[in-house]
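Numbering (my numbering), first residue to last: 2 to 397.
Glycine residues also receive a C-beta, built at the ideal position from the N, C-alpha and C atoms.
Below is one structure, written out as C-alpha cells; comments come after it.
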Ligand code: AMP
C-alpha cells in the first residue's frame, strides 16, 4: 500500500485560512492538568510550518467523549493554553466549533495567527460524518490539513467529511506514518520481521493475515501465543486461550509453512499460579504448562531466540507486549524485546498503544525509526485497510 498524498508543502498556504485537524486528545489529571503532552509536541512541526508561511491557522480536535453535547469538562482550554506557552504566541480558543464565536474569532485573524475551535465532538454530527456539519467546518477555511493519525481510521466530519468541500492535504505527522509504515508494507527491506503480542488473537488476526504474505519471520508472543501452542497439541494449563480460534490458529500455522515464513512461538514461558503481581512463578516449556498455572511472560531462552531473529532484521514491525508487562515481574520479556528492537540497525516501527507506551517508558523511544501515534489506526493500517482520514486527501 504505497500512498503518495499531497502534504502542506504541496499547496500554497500563504495568507490562507487553513483548518488543521490535530489529535489533541491528551490525558488530563483530576485538576485538568495535562499529564502527557506528546500529542501537542507531535503537532508542532505542521503548525510551525504553516506559521512560517504566514497562514491563518485554525486548529480543530476532539477531546474525550462528550457524547455530542457541549460539556466544559471536555474543553480544549488546557491544550490551547499549553500550546500558547510552547509557541510563545497567543492561541485564541473559540467558545464554539462552527458557531458565531468561531466565525468571529476567525474573522479577526491576521496572517500568522492561531485560533483553536472548541472540541469538535461537542456536536453529535461529528461522529456521524454529517455532510452539513462537514460543510460548516469547511466554510471556516480555504484549505484542510489532516494531521490526526490517531483518528484517521474514523470517517468523521473533521477527519474525512470536510475534505469533500476543501482542497485536502496531510500534515507532517500523517506524512511520516504513511511514508514509514506504507514502505514497510509495500516494499520492505529484508529480512522483514513482525512481532505480535498482546492478549488475544481475535484482536490481531487481521494483522496476522495481512503480514503473513509479506514477512520473512513472524514472532508471536504474549497471551495470544497459547492458543497456537494448544492448536499444536501442547498443554497450556490455565493460560489465556481462545478455544473458538483454534482452527484459525491451525490455518495460520499451515499458511506460514506453505509460504516459507519462519514462525517463532515461545519455547519457554514464565508461568504463575495466579493472575497476580506477586504470584509464585517459574519457567517451563510452553507446551508443558502444569494444570492450574498460567503463562505470564516469555522465558529467558525465548528472549534469546526472539532477539537473535530481530538482530539481523532490516525491517521490524512490533505490536503488542510479550507478557503481562503491567506487573513488573512479568515485564522482562517485553523489556528485552524492546531492547532488541532498539539495538536493531534496520527500520524499526512500533505500533501505537501498549507497545508504544512500553518503549517510551523504557527510554528506547529515540532509538526507534518510528513510533506510531495511533493505536487503532496503526492496527488498521497494518491490517491493510484503507483509512478514511488518509484516503480523503489529494494524491500527488
Ligand atoms: P492488546 O491490547 O491485545 O495488545 O493486549 C495488551 C494486553 O495483553 C496487556 O494488558 C497485557 O497484560 C496482556 N497480556 C500479554 N500477555 C499476556 C498473557 N500471557 N496473559 C494475559 N494477558 C496478557
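Boundaries of the alpha helix (DSSP H) around residue 338: 333-344.
When the alpha-carbon of residue 98 is set against those of 114, 312 and 118, the nearest one is in 118. In the three-state DSSP reduction, residue 201 falls in the coil class, being neither helix nor strand.
Nearest to residue 8 by C-alpha distance, out of 176, 270 and 237, is 176. If you check the C-beta of residue 363 against the ligand AMP, you find no heavy atom less than 7 Å away. The Cβ neighbour count for residue 191, taken over all protein chains shown within 10 Å, is under 16; the residue is labelled exposed.
Taking 8 Å as the cut-off, the Cβ atoms of residue 284 and residue 271 count as close. Per the coordinates, the alpha-carbon of residue 221 lies some 44 Å from the alpha-carbon of residue 71.
Here the alpha carbons of residue 108 and residue 11 stand approximately 26 Å from one another. Judged by DSSP in its simplified three-state form, residue 326 adopts coil rather than helix or strand. Under the three-state reduction of DSSP output, residue 376 falls in the helix class.
Residue state for residue 296 is assigned as strand, using DSSP reduced to three classes. Minimum Cα-Cα distance from residue 342 among the listed residues 319, 324, 361 and 327 corresponds to 319.
Residue 351 counts as buried, since no fewer than 16 other beta carbons sit within 10 angstroms of its beta carbon.
In this structure, the straight-line span from the alpha carbon of residue 295 to that of residue 281 is close to 11 Å. The ligand AMP approaches residue 327 closely enough that one of its heavy atoms is under 7 Å from the residue's Cβ. Relative to the ligand AMP, the beta carbon of residue 198 is positioned inside 7 Å of a heavy atom. Taking 7 Å as the cut-off, the C-beta of residue 224 counts as close to a heavy atom of the ligand AMP. DSSP places residue 146 in the uninterrupted beta strand (DSSP E) bounded by 144-147.
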